[in-house]
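Under this note's numbering, the first residue of the sequence shown is numbered 12, with each subsequent residue one higher. Worksheet for the structure shown next.
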Amino acid sequence: MIPNDVWLTAHKELADQNSSVWGPEFPHTWGFHHPYRIALKPTGTPIARKDTHLPDNAIVLVTAGARLPQEIHGAWARQMVELLHRRPNVVWLLAGGDGTMRPALHDAPQQQRSLLPHHQDLRSVFRCCDIYVNPPRMRGGFSVAEAMAECLPVVTHANSDRGNRVGAAAVSHDDDYFAQLHMLLDDGNMRRSVGTSMQPYFRNFLDIEQSGPIADGRM
12 MIPNDVWLTA HKELADQNSS VWGPEFPHTW GFHHPYRIAL KPTGTPIARK
62 DTHLPDNAIV LVTAGARLPQ EIHGAWARQM VELLHRRPNV VWLLAGGDGT
112 MRPALHDAPQ QQRSLLPHHQ DLRSVFRCCD IYVNPPRMRG GFSVAEAMAE
162 CLPVVTHANS DRGNRVGAAA VSHDDDYFAQ LHMLLDDGNM RRSVGTSMQP
212 YFRNFLDIEQ SGPIADGRM
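Structure below.
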């Protein structure tokens with residue numbers, strides 16, 4: 012790594028000041044607030060629910076990632092399984108990886124869990140879904156951002172590095188997480204309202220297309 016004069020930071024508190032973010036062996040650099048860091052992939056051919064074996068009348072939760080077997084576990088996974096038992100109209104789509112069942116979900120009703128191996132066009136998949144549920148993990152931010160761009164309400168923890176993707180909508184504890192999720196499941200108007208609010212947040216704070224001269228190579 013070579014010394015630099017300016018660094019781009021998503022954190023407002025680190026902007027407009029010199030700081031030694033790269034360690035004492037490098038000179039201080041000036042922080043420039045630049046939250047835009049997600050470049051959306053283009054969407055492909057539209058898909059329908061039947062293409063992913065999802066019932067038309069179900070409320071579809073979706074989680075995406077390549078490491079879901081390692082990320083879906085513990086108390087959070089148990090509460091998700093309990094939620095499925097309590098709500099037979101809900102289907103949980105797990106997208107990514109090799110499409111194998113996550114060990115923590117073997118007790119989930121078989122007809123309410125759906126597996127989709129790695130898919131190149133998650134945005135089209137998300138258009139078949141109703142809510143993005145993000146596990147308590149330290150990855151998955153790109154899929155969260157894609158879900159926001161597609162107007163999906165996202166339920167996520169604030170203490171994960173993906174909580175900063177959704178701003179004030181992130182929650183601190185599992186109790187708040189599942190309270191928010193149950194409210195979204197109960198109220199279709201709320202799902203649409205929250206989802207619609209996610210898209211402008213993505214555009215205003217995450218979309219690299221809003222980066223101006225940096226996006227088009229002039230910086």
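Every residue, glycine too, gets a C-beta built ideally from N, C-alpha and C.
(request) Compute the beta-carbon to beta-carbon distance between leucine 105 and leucine 127, rounded to the nearest angstrom, for a pair I have assumed lies under 8 Å. (result) Here residue 105 refers to the residue found at position 94 when the sequence shown is read from its first residue. Here residue 127 refers to the residue found at position 116 when the sequence shown is read from its first residue. The Cβ separation is near 7 Å, so the contact holds.
(message) Beta-carbon within less than 7 Å of tyrosine 188's beta-carbon, same chain only, minus the 5 sequence neighbours each way: which residues are those?
(response) Numbered from 1 along the sequence shown, position 177 holds the residue referred to as residue 188. Contacts found: Val166, His168 and Val182.
(request) With DSSP as the reference, label histidine 184 as helix, strand or coil. (result) Within the sequence shown, residue 184 is the residue found at index 173, counting from 1. It is coil, neither helix nor strand.
(message) Buried or exposed for glycine 85, going by 16 or more other Cβ atoms inside 10 Å?
(response) For the purposes of this step, residue 85 is identified with residue 74 of the sequence shown, where counting begins at 1. By the neighbour-count rule (16 or more Cβ atoms within 10 Å), glycine 85 is not buried but exposed.
(request) Give me the Cβ distance between leucine 65 and alanine 88, rounded to the nearest whole Å; I'm assuming they're in contact under 8 Å. (result) For the purposes of this step, residue 65 is taken as the residue at position 54 of the sequence shown. For the purposes of this step, residue 88 is taken as the residue at position 77 of the sequence shown. Not quite, the Cβ-Cβ distance comes to about 21 Å (not below 8 Å), so this is no contact.
(request) Report all residues from its chain with a CB closer than 6 Å to the CB of valine 205; omit the five preceding and five following residues, and keep chain order. (result) Mapped onto the sequence shown, residue 205 falls at position 194. Excluding positions up to five away in sequence, the list reads Pro164.
(request) Spatial neighbours of glutamine 90 within its chain, please: CB distance less than 8 Å, with the 5 preceding and 5 following residues excluded, ordered by chain position. (result) On the sequence shown, residue 90 is found 79 positions in, with the first residue counted as 1. Asp185 and Phe189.
(request) For the beta strand (DSSP E) holding serine 125, just list the boundary residues, first then last. (result) Taking the first residue of the sequence shown as 1, we reach residue 125 at position 114. First-last of the beta strand (DSSP E) with serine 125: 124-127.
(message) For the alpha helix (DSSP H) containing leucine 94, name the first residue and the last one.
(response) Sequence index remark: in the sequence shown, residue 94 carries index 83 (1-based). It spans 85-97 - the alpha helix (DSSP H) in which leucine 94 sits, taken as one unbroken run.
(message) Can you tell me where the alpha helix (DSSP H) holding leucine 133 begins and where it ends?
(response) Residue mapping note: residue 133 aligns to position 122 of the sequence shown, counting from 1. Where leucine 133 is concerned, the enclosing alpha helix (DSSP H) stretches over 133-137.
(request) Measure the alpha-carbon distance for arginine 214 versus serine 222 and round it to whole angstroms. (result) Sequence index remark: in the sequence shown, residue 214 carries index 203 (1-based). Sequence index remark: in the sequence shown, residue 222 carries index 211 (1-based). Their Cα atoms are separated by approximately 10 Å.
(message) Spatial neighbours of histidine 39 within its chain, please: C-beta separation below 8 Å, excluding the five flanking residues on both sides.
(response) Within the sequence shown, numbered from 1, the residue matching residue 39 stands at position 28. So the list reads Asn29, Ser30 and Ser31, once near-sequence residues are dropped.
(message) By DSSP's criteria, alanine 75 is part of a beta bridge. Which residues make up the other side?
(response) What you label residue 75 is simply residue 64 of the sequence shown in a count that begins at 1. In the DSSP output, where bridge partners are listed per residue, alanine 75 has Ala106.
(message) Would isoleucine 70 and leucine 192 qualify as a contact pair, given that the criterion is a beta-carbon distance under 8 Å?
(response) For the purposes of this step, residue 70 is identified with residue 59 of the sequence shown, where counting begins at 1. For the purposes of this step, residue 192 is identified with residue 181 of the sequence shown, where counting begins at 1. It is not a contact, given that the beta carbons lie outside the stated cut-off.
(message) I need the straight-line Cα distance from phenylalanine 37 to proline 146, nearest angstrom please.
(response) By 1-based counting over the sequence shown, the position of residue 37 is 26. By 1-based counting over the sequence shown, the position of residue 146 is 135. The alpha-carbon atoms of phenylalanine 37 and proline 146 are separated by roughly 37 Å.
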